[in-house]
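Q: Can you read through this structure? Questions will come right after.
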Amino acid sequence: MKKIILFFGLIIVFALYVLLSSPKNTPSQSTTATSQTIIPAVVKNTGKYRDGTYNGSVADAYYGNVEVSATISGGKLTDVQFLQYPNDRGNSIRINTRAMPLLKSEAITAQSAVVNGVSGATATSGAFKQSLGVALSLAAK
Amino acid sequence: MGMPVNIEIIGDNEAVQTMIEKTFEYFKYVDQTFSTYKPDSEIMKINRGELLLENSSRDMREIFELSERTKTETDGYFDIRKIDGSIDPSGIVKGWAINNAAKLIHEAGFGNYYVEAGGDIEVSGSNENGDVWSIGIRNPFKQDENVKVIYLKDRGIATSGTYLRGQHIYNPHDRKELFNDIVSLSVVGPDIFEADRFATAAFAMGRKGIDFVEGLNTTDQPRKFEGYMIDSKGIATMTTGFAKLTIILNYK
Numbered sequence: 121m122k123k124i125i126l127f128f129g130l131i132i133v134f135a136l137y138v139l140l141s142s143p144k145n146t147p148s149q150s151t152t153a154t155s156q157t158i159i160p161a162v163v164k165n166t167g168k169y170r171d172g173t174y175n176g177s178v179a180d181a182y183y184g185n186v187e188v189s190a191t192i193s194g195g196k197l198t199d200v201q202f203l204q205y206p207n208d209r210g211n212s213i214r215i216n217t218r219a220m221p222l223l224k225s226e227a228i229t230a231q232s233a234v235v236n237g238v239s240g241a242t243a244t245s246g247a248f249k250q251s252l253g254v255a256l257s258l259a260a261k
Numbered sequence: 225m226g227m228p229v230n231i232e233i234i235g236d237n238e239a240v241q242t243m244i245e246k247t248f249e250y251f252k253y254v255d256q257t258f259s260t261y262k263p264d265s266e267i268m269k270i271n272r273g274e275l276l277l278e279n280s281s282r283d284m285r286e287i288f289e290l291s292e293r294t295k296t297e298t299d300g301y302f303d304i305r306k307i308d309g310s311i312d313p314s315g316i317v318k319g320w321a322i323n324n325a326a327k328l329i330h331e332a333g334f335g336n337y338y339v340e341a342g343g344d345i346e347v348s349g350s351n352e353n354g355d356v357w358s359i360g361i362r363n364p365f366k367q368d369e370n371v372k373v374i375y376l377k378d379r380g381i382a383t384s385g386t387y388l389r390g391q392h393i394y395n396p397h398d399r400k401e402l403f404n405d406i407v408s409l410s411v412v413g414p415d416i417f418e419a420d421r422f423a424t425a426a427f428a429m430g431r432k433g434i435d436f437v438e439g440l441n442t443t444d445q446p447r448k449f450e451g452y453m454i455d456s457k458g459i460a461t462m463t464t465g466f467a468k469l470t471i472i473l474n475y476k
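Below, the structure written as structure tokens:
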């Protein structure tokens with residue numbers, strides 16, 4: 121009886137050991153070719169990569185966890201997807217250390233007054249790309 | 225992709241004409257140097273690795289230096305290096321160029337002028353009626369309408385934003401396209417260079433952008449920066465000194 125208990129006990133210990141060992145060692149999880157962590161800002165493609173999609177391991181990017189998937193085709197990095205990214209950027213923004221006042225809000229309403237000029241975002245397709253090509257528009261008097 | 229340049233200078237007709245032509249020439253030079261749409265521009269040569277920064281023009285090196293400074297001051301929310309590794313300095317060049325153009329006009333002896341490029345504006349003195357310059361803030365949902373009228377004395381205003389709902393904006397910390405529910409953020413600053421660089425950064429911060437603008441102020445009086453932020457539902461949030469700008473009597 122004692123031997124049976126001991127035997128089962130060993131089986132359980134062994135099973136626990138297998139289950140609790142690092143997931144990286146389990147053969148089922150190997151869509152990743154490597155465990156490199158890719159930070160897209162400094163990714164350089166030196167032509168060493170084989171075509172395919174690779175998932176990096178979860179990395180601590182200081183502001184939070186980042187996990188990326190990179191796609192190589194034709195030897196070049198063609199796509200980067202984030203599977204995990206830091207959500208809350210709020211505490212990283214440097215703001216005045218005084219207590220932040222509650223700012224006033226309102227629904228926007230049309231103003232009829234004639235004005236000298238108008239400030240607004242230009243309707244371009246890219247958020248940051250704006251050409252400085254000059255379309256001449258003389259307003260001189 | 226063109227961007228309208230509007231210039232108004234109060235003064236003798238001939239002198240004003242000459243000055244306006246010189247100013248347009250300056251903007252053309254800026255475009256030829258910094259446009260990422262022109263394959264022969266200096267910035268595109270740098271992006272292709274054909275030109276090293278250390279061998280580039282003084283203006284180019286100055287823009288890189290100012291960009292680095294702005295990146296530090298905004299915790300990286302302003303960054304001319306894009307996700308694909310290329311450099312696009314348009315978020316700072318526009319304000320820098322308008323400010324330089326205004327300096328040219330001022331050095332030529334003019335005290336009353338309005339200089340605008342693509343919705344970013346710097347004003348000096350008074351308009352042709354002798355009144356303070358009046359500026360409308362465009363309705364992001366109806367471009368022929370203004371939703372606010374403010375009066376500016378020797379300052380600049382820049383508006384960052386998009387008229388496309390649900391426009392995806394890069395958040396430099398996440399390096400991921402991030403849904404930004406702010407469609408427009410206008411920043412009033414001591415000049416258009418300051419207003420533009422901080423408007424670009426603040427817009428990338430989403431909802432927190434307006435708090436960032438508020439926080440740019442110290443105990444200095446008068447306050448240096450004001451902001452007016454509009455979200456995708458048409459609700460605007462403003463800094464504590466913004467309302468004062470809407471009252472013309474403050475300038476009489």
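Protein chains in written order, with my numbering: chain H, 121 to 261; chain L, 225 to 476. Beta carbons are placed, not taken as given, at the ideal position from N, Cα and C, and that holds for glycine.
1. Can you tell me whether L:Ser501 is helix, strand or coil according to DSSP?
2. Determine, using beta carbons only, whether L:Asp344 comes closer than 8 Å to chain H.
3. Please confirm whether L:Asp416 and L:Ile329 have their CB atoms less than 8 Å apart.
4. Return the first residue and the last residue of the alpha helix (DSSP H) that L:Lys372 is part of.
5. Mind checking L:Ile267: buried by the 16 CB within 10 Å criterion, or exposed?
6. Applying the 10 Å Cβ sphere with the 16-neighbour rule, what's the burial state of H:Val162?
7. Mind checking whether L:Val407 and L:Ser358 have CB atoms under 8 Å apart?
8. Tell me where the alpha helix (DSSP H) around L:Lys318 begins and ends.
9. Please say whether L:Ile471 and L:Val356 have beta carbons closer to each other than 8 Å?
10. Judging by CA-CA distance, which residue of L:Asn363, L:Ala321, L:Ala341, L:Gly319 is the nearest neighbour of H:Gln231?
11. Out of L:Lys432, L:Ala239, L:Pro228, L:Gln445, which has the shortest C-alpha to C-alpha gap to L:Pro414?
12. Alpha carbon to alpha carbon, how far is L:Gly465 from L:Arg447? Give it in angstroms, no decimals.
13. To the nearest angstrom, report how far apart L:Leu277 and L:Asp312 are at their CA atoms.
14. For H:Ser225, is the classification buried or exposed, using 16 other Cβ atoms within 10 angstroms of its Cβ as the cut-off for buried?
15. Could you round the C-beta distance between L:Thr298 and H:Ala241 to whole angstroms and report it? I think they count as a contact, below 8 Å.
16. Within the 8 Å Cβ cut-off, does H:Val133 reach chain L?
17. To the nearest angstrom, how far is it from the Cα of L:Gly343 to the Cα of H:Thr173?
18. If you compare alpha carbons, which of L:Thr443, L:Val339, L:Leu409 is closest to L:Asp378?
19. Hey, does H:Ile228 have any beta-carbon neighbour from chain L nearer than 8 Å?
20. Less than 8 Å separating the beta-carbons of L:Asn271 and L:Ser310?
21. Would you please state the rounded distance, in angstroms, between the beta carbons of L:Leu409 and L:Ala423? I believe it to be under 8 Å.
A: This is what the structure holds:
1. Only positions 225 to 476 of chain L appear in the structure, and residue 501 of chain L is not among them; the question remains open.
2. Look at L:Asp344: its C-beta is under 8 Å from a C-beta on chain H.
3. Strictly speaking, residue 416 of chain L in this sequence is Ile, with Asp absent from that position. It is not a contact, given that the beta carbons lie outside the stated cut-off.
4. Per DSSP, L:Lys372 belongs to no alpha helix (DSSP H); it is in the beta strand (DSSP E), 366–376.
5. By the 10 Å Cβ count, L:Ile267 comes out buried.
6. At H:Val162 the pLDDT is 40, less than 50, meaning the model places this residue with poor confidence; the figure from the coordinates comes in the next sentence. When all chains shown are included, H:Val162 counts as exposed.
7. no
8. Boundaries of the alpha helix (DSSP H) harbouring L:Lys318: 314–331, taken from the DSSP string.
9. no
10. L:Asn363
11. L:Gln445
12. 7 Å
13. Counting only the Cα atoms, L:Asp312 lies some 14 Å from L:Leu277.
14. Counting the other CB atoms within 10 Å of its CB gives H:Ser225 a total below 16, which places it among the exposed residues.
15. About 19 Å separates the two Cβ atoms, so there is no contact after all.
16. Between H:Val133 and chain L, the shortest Cβ-Cβ separation is not below 8 Å.
17. 42 Å
18. L:Val339
19. At least one chain L Cβ lies under 8 Å of H:Ile228.
20. yes
21. 6 Å
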